Every structure is written in structure tokens, then in C-alpha cells.
Amino acid sequence: MGKSMSSREVIKALKNAGWLLDSIRGDHHHFKHPTLPGKVTVRHPVKDLSLMEIKSIEKQAIQKIR
Numbered sequence: 000m001g002k003s004m005s006s007r008e009v010i011k012a013l014k015n016a017g018w019l020l021d022s023i024r025g026d027h028h029h030f031k032h033p034t035l036p037g038k039v040t041v042r043h044p045v046k047d048l049s050l051m052e053i054k055s056i057e058k059q060a061i062q063k064i065r
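Each step along the sequence shown adds one to the number in numbering that gives the first Met the number 0, with nothing skipped, and position 9 is 8.
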């Protein structure tokens, strides 16, 4: 089983990779990248994101965050 991550850790990894907070709708934080297409959505605050959610975020971000 893979390592679970908190939403805070995921957001930190995205920001380190150049993703910028675009908007917040309820508990969903939306990030945009200056050069990559699309948006990444992260539920926040969450102590343990499921492995499926982490994989979805990585797919949206077009990169690994773990």
C-alpha cells in the first residue's frame, strides 16, 4: 500500500512544482500552472487523502507528487 498524504503535503508539493492557487470553492482548492494546461483540484483540509485521490491529482498535474 502506498504512503498516504495530507492535503497540506500535496499542496506544498504542487506549489514547489510551480502550481499557483487560482481559486477556492468550498473545500476544493484549484491550482493553475503558468505553462502547463488545465487545473488541479485538491480537497482541503484532509488529513489522509486516499491513494485514488493522490493518483487523480498526479494525473491532473501531469507529474508525480509523492
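Backbone N, C-alpha and C fix where the C-beta goes; we use that ideal spot for every residue, glycine too. Values in this document were obtained by computation on a predicted structure and should not be read as measured data.
Distance between beta carbons of residue j and residue i, contact taken as under 8 angstroms
i	j	result
residue 9	residue 35	Between residue 35 and residue 9 the Cβ distance is about 16 angstroms, and since that is not below 8 angstroms, they are no contact.
residue 13	residue 31	Going by Cβ atoms, the distance from residue 13 to residue 31 rounds to 10 angstroms, so no, they are not a contact pair.
Candidates the options, of which the one nearest residue i by Cα
i	options	result
residue 62	46, 42, 28, 38	38
residue 5	60, 57, 53, 58	53
residue 21	2, 12, 3, 41	41
residue 33	2, 64, 60, 65	60
residue 43	55, 27, 50, 56	27
Delimiting residues of the alpha helix (DSSP H) encompassing residue i
i	result
residue 61	That residue, residue 61, is in no alpha helix (DSSP H); it is neither H nor E in DSSP.
residue 45	Element bounds for residue 45: n/a, residue is neither H nor E.
residue 14	6-15
For residue i, the first and last residue of its enclosing beta strand (DSSP E)
i	result
residue 22	19-24
residue 28	27-31
Buried/exposed call for residue i, threshold 16 Cβ in 10 Å
i	result
residue 58	exposed
residue 64	buried
Any C-beta of chain B under 8 angstroms from that of residue i
i	result
residue 64	No chain B appears in this structure, which consists of one protein chain only.
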